[in-house]
Every structure is written in C-alpha cells, then in structure tokens.
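Student: This is the structure I want to talk about, given as structure tokens.
There are 2 protein chains.
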Amino acid sequence: MDQKKGLKIQVLLVEDDANLCMVLQDYLEFMAYNVIVAHDGEAGLARFDEHEVHLCILDVMLPRMDGFALAAAIRDRNKQIPIIFLTAKSLKEDRLKGFAQGCDDYITKPFSTEELNLRIKAIMRRCNRNMFQEEINEQKIFVMGNYRLDTQNLTLTIAGSTSNLTKKEATLLRLLYLHKNTVLARDFVQKTIWGETDYFVSRSMDVFITRLRKYLKEDSSVNIVNVHGVGFMLEVPKPAGE
Amino acid sequence: MDQKKGLKIQVLLVEDDANLCMVLQDYLEFMAYNVIVAHDGEAGLARFDEHEVHLCILDVMLPRMDGFALAAAIRDRNKQIPIIFLTAKSLKEDRLKGFAQGCDDYITKPFSTEELNLRIKAIMRRCNRNMFQEEINEQKIFVMGNYRLDTQNLTLTIAGSTSNLTKKEATLLRLLYLHKNTVLARDFVQKTIWGETDYFVSRSMDVFITRLRKYLKEDSSVNIVNVHGVGFMLEVPKPAGE
DNA sequence: AAATCCTGTTAACGATACGTTAAAGTTCGT
DNA sequence: ACGAACTTTAACGTATCGTTAACAGGATTT
Chain A
1 MDQKKGLKIQ VLLVEDDANL CMVLQDYLEF MAYNVIVAHD GEAGLARFDE
51 HEVHLCILDV MLPRMDGFAL AAAIRDRNKQ IPIIFLTAKS LKEDRLKGFA
101 QGCDDYITKP FSTEELNLRI KAIMRRCNRN MFQEEINEQK IFVMGNYRLD
151 TQNLTLTIAG STSNLTKKEA TLLRLLYLHK NTVLARDFVQ KTIWGETDYF
201 VSRSMDVFIT RLRKYLKEDS SVNIVNVHGV GFMLEVPKPA GE
Chain B
1001 MDQKKGLKIQ VLLVEDDANL CMVLQDYLEF MAYNVIVAHD GEAGLARFDE
1051 HEVHLCILDV MLPRMDGFAL AAAIRDRNKQ IPIIFLTAKS LKEDRLKGFA
1101 QGCDDYITKP FSTEELNLRI KAIMRRCNRN MFQEEINEQK IFVMGNYRLD
1151 TQNLTLTIAG STSNLTKKEA TLLRLLYLHK NTVLARDFVQ KTIWGETDYF
1201 VSRSMDVFIT RLRKYLKEDS SVNIVNVHGV GFMLEVPKPA GE
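Protein chains in written order, with the working numbering: chain A, 1 to 242; chain B, 1001 to 1242.
This is the structure we're talking about:
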C-alpha cells in the first residue's frame, strides 16, 4: 500500500531530536518526498526492512545503535543506496571519510534546508542511474489500439491474455510505436536496433516483423504495413486528442 | 507496561507439575496475561508454533524435551523473545548463565508470585522495545501467498512449517518482494545485494534463486519467474486491496 | 510476361542464458 | 585454532533466443 505511490522517492529519516526530526520531515514532504521516520537506530533498521527506501538520512548520534552501525547494517542489505549523514561539527571528518562510501555524503549541523536539498539532489544525481533505471526513467507502458505494451515486464496484453515478448521484440515494437503512423526506413530501424545494416540483419528484421504481426493480429486496427523498398509503419488508431 | 486494550500479552507457560502449573496460570491470568500452557517440551513447542507468544516461562526439568532444548528450539524461531526459566535451587547457575541470552532471566523455586511478577515486569521492560515497538507497530513481516517472511528472525513460514533462511537469502527475497510482480534486472539485483556485477556474482545469484525457489515450492501461487536476458520477477497473488 | 528484386514465413542451428548440484573456499563463533 | 554455517566457484545439463537458411509469393521493371 505504501509501495509505488506514483514515483515518489522514499526517504528514511533517522533522527532522535524530535523537533529537528519533525521540521525535516515537513520540509522533505514539502519537497515531494515520501518520508519514513525513526528515532533510534534499531527502529531505523526495522523501518528500512519494511519499506522500499531510496535514500537514507541518518543522524550519526543515535540511541540504541549509532548512525555508523545503522549504516553498516543498511549496507549489508543494499550496497548502493545513497546515505547522507547528519553530524555535529565537532566530529572528526576522518571518521566520516573513512566510513562513507562512493554513494555517501555528509552534512554538518547546523545546516539550512536548502543546503540539505542540494545535497540530496546531488547524491541522487550521482547514484541514480543504478537505482532507478527502471523506475523513474521513462514511461514503460504503451497503448496501441486494444493492446498494452509493457517494456519493463516485456508483455503485450489484450483483453486479459498476455504474450511474453523477448527483449528485442519489445524494443522493436516500442520503436515502431514511437514513430507510429509514419514510415520507418529499413536502414533506420536496423541501425537503431542492430547497430548495422547488411543483408542478414535485414532478413532478421523481417523475421521479427513477422513475429510481431502474429502477436498483433488480435486487433485489426493495429497493423504493421510494409512500404515497398522503404520500410515499415505501425498503423494505430489515434486516441482522441493527439 | 502500557499495552493497548485488547492486546494482552501472551505467555507460554511450560511446567510439568500440574499443581504448580495451575496456580501460576491462575495468577498470571489474574495479572491480565493470556496464558497458554503445556506440560512437556514437545507440547510447549507445538503451542509456541500455534500462537503468537510474547513471553515464555519454561521449567528447566521437563519430560520429552528439557527446558533448554525447548528454549533452543524457540530461539530458532524467534531470536528476541524473552524467556524466563524456572529452576530448582540445586541447578548450577553456570549452566543457566551459559545458556541464557540477553533477553532471558531465571528464577529459582520456590518463588513467590510477587517475585515472578517482578521478573516479568523487568524482563518485559528490558526487551520490550524490540518486541512491541515492532510487533505492534506495523508489519515487519511480509506476506506472500501463504508464506510469511520475517526478515528479523530470518524465517519463512507456511502452514506451521518454518524454513530458516540465511541473511542473504532473506535479503534477496525481500528485494524481490518489494518489487513483486515486476521484473528486476539482473544487474540491479546484483548491484544492490552484492555491490558489483561480474560473471561469478551472476552465477552466485542464480544459486540463490534456486534455493529460494526450493523454499517457495509449497505454494504454487508464489513463483520466481525468469525473463530471459533481463532478470527475475516474484509472482505473488495480490491480496484484495491493492 | 519474364526477369529481378523485395518481402513473408517457417524451421533448424548454434550461441548464450539459466538451472542445478556439488565441491571448494570463506567467515564466524567458540 | 577448530568446526559449523554460509557463500562462491566449478561443472554440466537444459532452455531460449537471434540468426541463418530455404522456400514462397508479391512487386517492380523491362
């Protein structure tokens, strides 16, 4: 139920100072993050286990398991999740440096919310590609006629029945869809998907077209038509406003 | 000991002396606990499996499985549940000391009910945060089909029978669960859990998938399916409201 | 209409991804 | 330092996918 709330980023905030915690939570939620809070290390770990967390913000000084121990336990479960440490100025930087890994960062109290926000933006930029690859990137579901193409799960669904596509089939169909109702040159498709154009690639492509046509024959309004000597076009009825 | 109304603490009492057992049960119920009784070790373990137990009071001298063996079996299922041993004065304390863990305590017969009550109060205070915070809080238990995954105790339970997972097995299964019914890229899983992606990590992951599948074969509605060249998906039936 | 090129379709092959088991290596508690 | 528990590496079997081959029609040109 708390899972995919749209595509909000889920932040685990562990901070024992109730006031600071509340302020941060408010701010983060205002910035459109989903916030999960905990007030000590053990609870923080429990919350981490329960939720799909995308970013951790951990106070270093925590009861019942300090920030480093907590971070270690989290690292045990997820090697690439970004962690931001909140630390008092007094703390030796070496200790942090020694601990923090590639994806980590730290920020010394007191700090402004803008400062925090900048750090978050930065760390997410650095780590994102690995993390959200599939989640935030782009749209994954394409609607064509009565079909729904899911490029993440590689499925093509119509009226309850589902075909499982291969990666290449899905990629090709997606490419056709992105240029629906316009003719795609054979060469263009080949270069895009195969990276080269020769006789065999050309024939291979035809085989894939055949397979896609087989999948698509349940809805006669969706067609892959050939333009002799030029290429293919995915015919799709336009849904209202486009 | 602020337990919400309707959330009585469930005590498992295992004691073979029928008279003593009855007296203790009366007293505990008078003190507003829910009491589950058993008169030998094996029965005690069975009761433990059937009920949600919050505290165990075990006689050390028991037929069919002594208190220590029973405690070990219980520890196997729940690492943090508090246990109080009832022991005759004669028993060497070392033995108890050696056995009892952080959350455990013992009391030598004969003892007064007040004494017992104090011990219970104390042990619950000591252990409570671990126990109730999370138990009452929210699910730290993931339900998939007829299985229950407990990431704290590393157990996977179905219809009474329990598998003990390793940390890595549990972490992987949890990751799959957090993304249930969507395909997780192999790379993503490897980076998250192993921190790197190479040939051997990849093969190692396959080994873990095999093991998880073995655990999960009791419920045919829960499956780890492979999408060739992409990754894995945990198929789980959606429970009603989601 | 014949000749030639382009496309449609099916089946089979080889490469690669995955499944599984067991042995070797590692870690960890004692 | 030893043994138990766990993870990784190795080895081998199986399944799947993309390509190729082979053949069959159409389309276009002459």
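Positions of the beta carbon are idealized from the N, C-alpha and C atoms, including for glycine.
Can you pull the chain B neighbours of residue 80 of chain A, defined as C-beta to C-beta under 8 angstroms?
Tutor: In the first sequence, the residue the question calls residue 80 of chain A occupies position 80. Simply 1191, 1192, 1195.
Student: Between which two residues does the beta strand (DSSP E) containing residue 148 of chain A stretch?
Tutor: As a first step, residue 148 of chain A is located in the first sequence; it is residue number 148 there, counting from the start. Note, residue 148 of chain A: beta strand (DSSP E), 147 to 150.
Student: Residues in its own chain within less than 7 angstroms of residue 1116 of chain B by CB, not counting five upstream and five downstream?
Tutor: Position 116 of the second sequence, counted from the first residue, corresponds to residue 1116 of chain B. Cβ neighbours of residue 1116 of chain B beyond the five flanking positions: 1107.
Student: Measure the beta-carbon distance from residue 244 of chain A to residue 218 of chain A and round it to whole angstroms, keeping in mind my assumption that it falls under 8 angstroms.
Tutor: Limits of chain A in this structure are 1 at one end and 242 at the other, which puts residue 244 of chain A out of reach.
Student: Counting Cβ pairs closer than 8 angstroms, one from the region 1162 to 1175 of chain B and one from the region 1199 to 1214 of chain B, do we hit at least three?
Tutor: They touch, by the three-pair rule.
Student: Who are the Cβ neighbours of residue 105 of chain A in its own chain at under 6 angstroms, not counting the five residues just before and after it?
Tutor: Here residue 105 of chain A corresponds to residue number 105 of the first sequence, with the count starting at 1. Around residue 105 of chain A: 84, 119, 123.
Student: For the candidate residues A:150, A:55, A:18, whose alpha-carbon lies nearest to that of residue 127 of chain A?
Tutor: Working through the first sequence from its first residue, we reach residue 127 of chain A at position 127. Of A:150, A:55, A:18, the residue nearest in Cα terms is A:55.
Student: Kindly indicate which residue of A:168, A:149, A:167 has the alpha-carbon position closest to the one of residue 160 of chain A.
Tutor: By one-based count along the first sequence, residue 160 of chain A stands at place 160. The residue with the shortest Cα to Cα distance from residue 160 of chain A is A:149.
Student: Just by C-beta distance, which residues in the region 12 to 45 of chain A are closer than 8 angstroms to chain B?
Tutor: Here the close residues are 42, 43.
Student: Quick check: the Cα distance between residue 1152 of chain B and residue 164 of chain A, rounded to an integer number of angstroms?
Tutor: Mapped onto the second sequence, residue 1152 of chain B falls at position 152. Mapped onto the first sequence, residue 164 of chain A falls at position 164. About 36 angstroms.
Student: Anything in chain A within Cβ reach of residue 1178 of chain B, meaning under 7 angstroms, just list it in chain order.
Tutor: As a working note, residue 1178 of chain B is residue 178 in the second sequence. By Cβ distance, chain A contributes 52.
Student: Among A:82, A:49, A:45, whose alpha-carbon lies nearest the alpha-carbon of residue 1178 of chain B?
Tutor: Within the second sequence, residue 1178 of chain B is the residue found at index 178, counting from 1. With distances taken between Cα atoms, residue 1178 of chain B lies closest to A:49.
Student: For residue 1078 of chain B, which option in B:1028, B:1141, B:1229, B:1183 has the closest C-alpha, if you only look at C-alpha atoms?
Tutor: The residue you call residue 1078 of chain B lines up with position 78 of the second sequence. If we check each option's Cα against that of residue 1078 of chain B, B:1141 comes out closest.
Student: How long is the line joining the alpha carbons of residue 1232 of chain B and residue 39 of chain A, rounded to whole angstroms?
Tutor: Within the second sequence, residue 1232 of chain B is the residue found at index 232, counting from 1. Within the first sequence, residue 39 of chain A is the residue found at index 39, counting from 1. Roughly 35 angstroms separates the two Cα atoms.
Student: Around the Cβ of residue 1082 of chain B, are there at least 16 other Cβ atoms within 10 angstroms (buried) or fewer (exposed)?
Tutor: Reading the second sequence from its first residue, position 82 is the one you call residue 1082 of chain B. Buried: at least 16 other Cβ atoms inside 10 Å.
Student: Using a Cβ-Cβ distance under 8 angstroms, would residue 1230 of chain B count as near chain A?
Tutor: Residue 1230 of chain B sits at position 230 when you count from the first residue of the second sequence. So yes, residue 1230 of chain B belongs to the interface.
Student: Would you kindly report the start and end of the unbroken alpha helix (DSSP H) that includes residue 25 of chain A?
Tutor: Sequence index remark: in the first sequence, residue 25 of chain A carries index 25 (1-based). Start and end: 18 to 30.
Student: Please determine, among B:1195, B:1053, B:1036, B:1014, the residue with the shortest C-alpha to C-alpha distance to residue 1069 of chain B.
Tutor: Looking up residue 1069 of chain B in the second sequence gives position 69. Of the candidates B:1195, B:1053, B:1036, B:1014, the one whose C-alpha sits nearest the C-alpha of residue 1069 of chain B is B:1014.
Student: Where residue 213 of chain A and residue 224 of chain A are concerned, what is the direct C-alpha to C-alpha distance, given to the nearest angstrom?
Tutor: Sequence index remark: in the first sequence, residue 213 of chain A carries index 213 (1-based). Sequence index remark: in the first sequence, residue 224 of chain A carries index 224 (1-based). The alpha-carbon atoms of residue 213 of chain A and residue 224 of chain A are separated by roughly 7 angstroms.
Student: Can you confirm whether residue 130 of chain A, when its beta carbon is compared against all beta carbons of chain B, has any partner nearer than 8 angstroms?
Tutor: On the first sequence, residue 130 of chain A is found 130 positions in, with the first residue counted as 1. The pLDDT assigned to residue 130 of chain A is 49, lower than 50, so where the model puts this residue is not dependable; a value taken from the coordinates is nonetheless given after this. Cβ-Cβ to chain B under 8 angstroms: yes for residue 130 of chain A.
Student: Quick one: using the 10 Å Cβ neighbour count with 16 as the cut-off for buried, is residue 1229 of chain B buried or exposed?
Tutor: Here residue 1229 of chain B refers to the residue found at position 229 of the second sequence. With fewer than 16 other Cβ atoms within 10 Å, it is exposed.
Student: Mind checking if residue 1174 of chain B is an interface residue toward chain A, Cβ cutoff 8 angstroms exclusive?
Tutor: Along the second sequence, one-based indexing puts residue 1174 of chain B at 174. Chain A, which has a Cβ nearer than 8 angstroms to the Cβ of residue 1174 of chain B, makes this yes.
Student: Strictly below 9 angstroms CB to CB, what residues from chain A border residue 1155 of chain B?
Tutor: Here residue 1155 of chain B refers to the residue found at position 155 when the second sequence is read from its first residue. In chain order: nothing, as chain A lies at least about 14 angstroms away.
Student: So is residue 1201 of chain B in contact with chain A if we call contact Cβ pairs under 8 angstroms?
Tutor: What you label residue 1201 of chain B is simply residue 201 of the second sequence in a count that begins at 1. No, residue 1201 of chain B lies away from the interface with chain A (no Cβ there is under 8 angstroms from its Cβ).
Student: Is it right to say residue 234 of chain A is buried, meaning 16 or more other beta carbons lie within 10 angstroms of its own, or is it exposed?
Tutor: In the first sequence, residue 234 of chain A corresponds to position 234, counting from 1. That one is buried.
Student: Identify the contact partners of residue 152 of chain A in chain B, using a Cβ-Cβ distance below 8 angstroms as the criterion.
Tutor: Locating residue 152 of chain A in the first sequence gives position 152, counting from the first residue. 1182, 1183, listed in chain order.
Student: So for residue 136 of chain A, helix, strand or coil by DSSP?
Tutor: Locating residue 136 of chain A in the first sequence gives position 136, counting from the first residue. Low per-residue confidence applies at residue 136 of chain A: pLDDT is 46, beneath 50, and the placement is therefore not dependable enough to give any value.
Student: Please report the distance separating the alpha-carbon of residue 1189 of chain B from that of residue 1144 of chain B.
Tutor: Here the question's residue 1189 of chain B lines up with position 189 in the second sequence. Here the question's residue 1144 of chain B lines up with position 144 in the second sequence. Rounded to whole angstroms, residue 1189 of chain B to residue 1144 of chain B spans 19 angstroms at the Cα level.
Student: Residue 238 of chain A to residue 221 of chain A, Cα distance in whole Å?
Tutor: In the first sequence, residue 238 of chain A corresponds to position 238, counting from 1. In the first sequence, residue 221 of chain A corresponds to position 221, counting from 1. Their backbone Cα atoms lie some 10 angstroms apart in a straight line.
Student: Please classify residue 251 of chain A as buried or exposed, where buried requires at least 16 other C-beta atoms within 10 Å of its C-beta.
Tutor: This structure gives no information on residue 251 of chain A, because the portion of chain A shown stretches from 1 to 242.
Student: What are the boundary residues of the alpha helix (DSSP H) that residue 187 of chain A is part of?
Tutor: Translated into positions along the first sequence, residue 187 of chain A becomes position 187. Residue 187 of chain A -> alpha helix (DSSP H) spans 186 to 193.
Student: Are the beta-carbon atoms of residue 1047 of chain B and residue 1057 of chain B separated by less than 8 angstroms?
Tutor: Position 47 of the second sequence, counted from the first residue, corresponds to residue 1047 of chain B. Position 57 of the second sequence, counted from the first residue, corresponds to residue 1057 of chain B. The answer is no: Cβ separation not under 8 angstroms.
Student: Using a cut-off of 9 angstroms between C-beta atoms, extract the partners of residue 167 of chain A located in chain B.
Tutor: Counting from one through the first sequence, the residue named residue 167 of chain A turns up at place 167. In chain order: 1227, 1228, 1229, 1230.
Student: Give the C-beta separation of residue 1183 of chain B and residue 1236 of chain B to the nearest angstrom, bearing in mind that I take them to be a contact with Cβ-Cβ under 8 angstroms.
Tutor: Here residue 1183 of chain B refers to the residue found at position 183 of the second sequence. Here residue 1236 of chain B refers to the residue found at position 236 of the second sequence. With 8 angstroms as the limit, residue 1183 of chain B and residue 1236 of chain B do not qualify as a contact, their Cβ atoms being about 14 angstroms apart.
Student: Going by beta carbon distance, what residues of the same chain come within less than 6 angstroms of residue 1146 of chain B, once the five residues before and after it are set aside?
Tutor: Position 146 of the second sequence holds residue 1146 of chain B. Here the set comprises 1158, 1219.
Student: Between the Cα of residue 1017 of chain B and the Cα atoms of B:1193, B:1031, B:1197, B:1063, which residue gives the shortest distance?
Tutor: Your numbering for residue 1017 of chain B matches position 17 in the second sequence. Answer by Cα proximity: B:1063.
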